[in-house]
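Please read the structure below before turning to the comments.
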Amino acid sequence: MSKPEIPFAESPVIPNMVSEDHVIQFSCHKGIGCWNACCANIDISLTPYDIVRLKKRLEISSTEFLRENTVPYEMEKDGMAGVKLRPVEGGTACRFMKPEGCGVYEDRPTACRYYPVALLSIRRQDEYTDTQSYAIVKEEHCKGHEVARSLTIADYRKEQGVEEYDELARGWRQLVLKKKSTGPAIGAPSLKSRQLFFMACYDIDTFRNFVESEAFAKLFAMTDDERTLVLGDDVELMQFSFRFLRQVLFGEQSIALNEEAAKERLDHWRTRQVEIEKEAAEKRAKLDEEMAWEGFNEEDSGLGFEPEGGSCSNN
Ligand code: SF4
Ligand code: SF4
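Okay, so the sequence shown: first residue is 758 according to our numbering, each after it adds one.
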């Protein structure tokens, strides 16, 4: 008898969703036989907050960070882009790996903090609130599972400083989940939407220039205090970028529009509606005209004219 097909049979993720109370047995420490083995072959997705922390640590702009240290990928077919850490040139190891351990330890990405736990965010359609579940990753090379230290996932998250990372990336995760669940209903996002999503989520310094621009100020109403707060702090700006994307991608009123700009938009919308109705009326009229002609021809043939080249089988 042939074996049933098991999806992801090679995956190291144990296919069981567990809660924060689940107890794991794990410890990773210097001197362990597999030291750095996990960092020698990476596949690490970054959150916007990971990028903010890493670019600050490396004292470079988000644009430089993205160019030098990441590769984009599609989180879903024709959907929004994600960003992964780029391994060393021609290899698979993390570019921040040092013989003594992680070279950016205090600012290491969320995925590195979570390992060997995987975060699974689940969200019901048309809701922003997501529920967190977890899965355990067991890879043969990782000896951390053999060390006799037991703790709950909740305690592990605290120990690894993951709570802050999750909290600050929540707005982004919710956007991604909402986009995924509404994707088929509203179709593939336009190239412009995807570019906007990429800039606002990952390239925070370019997004800052955009928020500082005249065009932005013309459209959105922000108080001076709000503008100073948002422009003066990467984390505030990142949170603002999530609000901005909720507005432009899902039409939520999360940032007030300037009265004049709002009026202009409404006028533009009304003009467009008139144009759409006019186009529809023209199409209807053309269709009626075509149908009238077809009706005439049918009547015509009913008078006994044979179509050209035709013949009656009774002849
Ligand atoms: S960022 Fe640090 S912990 Fe994460 S893969 Fe690279 S070296 Fe390892
Ligand atoms: S115990 Fe696991 S996580 Fe720690 S260094 Fe070894 S392979 Fe990496």
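Idealized CB from N, CA, C, for every residue including glycine.
Extent of the continuous alpha helix (DSSP H) to which residue i belongs
| i | result |
| --- | --- |
| GLU896 | Here GLU896 belongs to no alpha helix (DSSP H), and DSSP marks it neither H nor E. |
| SER998 | 991-1007 |
| VAL968 | 961-969 |
| VAL987 | 981-988 |
| ARG865 | Careful: ARG865 lies outside any alpha helix (DSSP H) and carries neither H nor E. |
| ASN826 | 819-826 |
Proximity below 7 angstroms, CB of residue i to CB of residue j
| i | j | result |
| --- | --- | --- |
| ALA1018 | LEU976 | yes |
| ASP864 | ARG927 | no |
| GLU993 | LEU1002 | no |
| THR867 | TYR913 | no |
| TRP929 | PHE822 | no |
| PRO805 | MET956 | no |
| HIS898 | CYS796 | no |
| LYS915 | ILE789 | no |
| GLN931 | ASP990 | no |
| PRO769 | GLU903 | no |
| ASP962 | THR827 | no |
| SER878 | GLN889 | yes |
| THR909 | ASP778 | yes |
| ILE801 | LEU842 | yes |
| VAL861 | ARG814 | yes |
Cβ separation of residue i and residue j, assumed to be a contact under 8 angstroms, to the nearest whole Å
| i | j | result |
| --- | --- | --- |
| VAL874 | ILE781 | 7 angstroms |
| PRO829 | ALA838 | 5 angstroms |
| ALA892 | ASN773 | 7 angstroms |
| VAL919 | ARG870 | 5 angstroms |
| VAL933 | MET832 | 6 angstroms |
| LEU1006 | SER950 | 6 angstroms |
| PHE973 | PHE964 | Not really, about 10 angstroms apart at Cβ, beyond 8 angstroms. |
| LYS935 | GLY836 | Not really, about 12 angstroms apart at Cβ, beyond 8 angstroms. |
Beta-bridge partners of residue i, as assigned by DSSP
| i | result |
| --- | --- |
| ILE879 | THR888 |
| GLY858 | LYS855 |
| GLU831 | ALA838 |
| SER802 | LYS841 |
| VAL770 | VAL894 |
| VAL874 | ILE893 |
Element boundaries [beta strand (DSSP E), containing residue i]
| i | result |
| --- | --- |
| SER907 | 907-909 |
| ILE781 | 780-782 |
Could you name the residues whose beta carbon sits closer than 7 angstroms to any heavy atom belonging to ligand 1, keeping them in chain order? CYS795, CYS796, ILE799, ILE801, LEU842, CYS851, PHE853, MET854, CYS859, GLY860, VAL861, TYR862, ARG865, PRO866, CYS869
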